[in-house]
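Asks: One structure coming up, written as structure tokens, with questions to follow.
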Amino acid sequence: MLVGDAAGWNDPIVGLGLSITYRDVRIVSDILASDTWDFAPYAEERAERLRRLRLAAKITSGLDAEFGEAAKARRRHHFEKTAEDPMLGAHGFAVMAGPETLPAEIFTEAHAARVLETA
Ligand SMILES: Cc1cc2nc3c(=O)[nH]c(=O)nc-3n(C[C@H](O)[C@H](O)[C@H](O)COP(=O)(O)OP(=O)(O)OC[C@H]3O[C@@H](n4cnc5c(N)ncnc54)[C@H](O)[C@@H]3O)c2cc1C
């Protein structure tokens, strides 16, 4: 049974390593305290949680950590567009509130391409 970084880590740009680890520990501890010791729900939840967080980190990295005039213009344009369509900034809520709090369509390559203007 793996938890924390040993179970798979995310891009540190979103600074969530400890939150991921603490949630893993809480879920696994609850299962160990149960009668069933059924870890399948943990594996399923963690895989989807990390899939969503990796996409949020990819968007964050593309928007915040690229250099050059095109990257600067895209960053500025992104904040203007987000004022009109807040869902374009939803990856930030995934980081702050947990990826399960947002609709599934936010965690698609199509959404990432729309935010990063690569579509
Ligand atoms: C540069 C950097 C910045 C980061 N910034 C943040 C941040 O701002 N916010 C955030 O939430 N997370 C951040 N993280 C991520 C966070 O530090 C990790 O996700 C978190 O520490 C993972 O916890 P862990 O217990 O899984 O692993 P670790 O903290 O790596 O603990 C594993 C422990 O196991 C020990 N160990 C390894 N092998 C053995 C062995 N064979 N026998 C005995 N002991 C062993 C290691 O010495 C270590 O003490 C950052 C990470 C890095 C590298």
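Using numbering that gives the first Met the number 0, the letters of the sequence shown map in sequence onto residues 0 to 118.
Ideal Cβ placement from N, Cα and C applies to all residues, glycine included.
1) I'd like to know whether the C-beta atoms of Ala-103 and Leu-54 end up nearer to each other than 7 angstroms.
2) CA-CA distance, Arg-75 and Ala-89?
3) Got a sec, what are the start and stop residues for the alpha helix (DSSP H) Met-95 sits in?
4) Exposed or buried, Pro-98, counting other C-beta atoms within 10 Å across all chains shown (16 or more means buried)?
5) Along the chain, which unbroken stretches of the alpha helix (DSSP H) at least 4 residues long are found entirely within the stretch 40-107?
6) Since Gly-16 contacts Asp-34 with CB under 8 angstroms, what's their CB separation in whole angstroms?
7) Can you list, in chain order, the residues of its chain whose CB lies under 6 angstroms from that of Lys-80, leaving out five sequence neighbours each side?
8) Would you tell me roughly how many angstroms separate the C-alpha atoms of Glu-68 and Arg-113, rounded to the nearest one?
9) Expressed to the nearest angstrom, what Euclidean distance is found between the alpha-carbon atoms of Lys-57 and Ile-26?
10) So, is Thr-59 buried or exposed, given that buried needs 16 or more other C-beta atoms within 10 angstroms?
11) Would you report the Cα separation of Asp-63 and Phe-92, rounded to the nearest angstrom?
Replies: From the atom records:
1) Translated into the one-based positions of the sequence shown, residue 103 becomes position 104. Translated into the one-based positions of the sequence shown, residue 54 becomes position 55. Against a cut-off of 7 angstroms, the Cβ pair of Leu-54 and Ala-103 comes out as no contact.
2) Stepping through the sequence shown from its first residue, residue 75 is reached at position 76. Stepping through the sequence shown from its first residue, residue 89 is reached at position 90. Just so you know, the alpha carbons of Arg-75 and Ala-89 end up roughly 17 angstroms apart.
3) The count along the sequence shown starts at 1 and reaches residue 95 at position 96. Start and end: 89-96.
4) Taking the sequence shown and counting its residues from 1, the one referred to as residue 98 is at position 99. Buried, since its Cβ has 16 or more Cβ neighbours within 10 Å.
5) Restricted to the stretch 40-107, the alpha helix (DSSP H) segments that are unbroken, complete and at least 4 residues in length are 68-83 and 89-96, listed in chain order.
6) Position 17 of the sequence shown, counted from the first residue, corresponds to residue 16. Position 35 of the sequence shown, counted from the first residue, corresponds to residue 34. About 31 angstroms separates the Cβ atoms of Gly-16 and Asp-34, ruling out a contact at the 8 angstroms cut-off.
7) Position 81 of the sequence shown, counting from 1, holds the residue named residue 80. Result list for Lys-80: Leu-87, in chain order.
8) Sequence index remark: in the sequence shown, residue 68 carries index 69 (1-based). Sequence index remark: in the sequence shown, residue 113 carries index 114 (1-based). Pairing Glu-68 with Arg-113, the inter-Cα distance amounts to about 19 angstroms.
9) In the sequence shown, counting from the first residue as 1, residue 57 sits at position 58. In the sequence shown, counting from the first residue as 1, residue 26 sits at position 27. CA-to-CA, the gap between Lys-57 and Ile-26 works out to about 26 angstroms.
10) Numbered from its first residue, the sequence shown carries residue 59 at position 60. It is buried - the Cβ of Thr-59 has at least 16 other Cβ atoms within 10 Å.
11) Here residue 63 refers to the residue found at position 64 of the sequence shown. Here residue 92 refers to the residue found at position 93 of the sequence shown. Near 15 angstroms, if we compare the C-alpha coordinates of Phe-92 and Asp-63.
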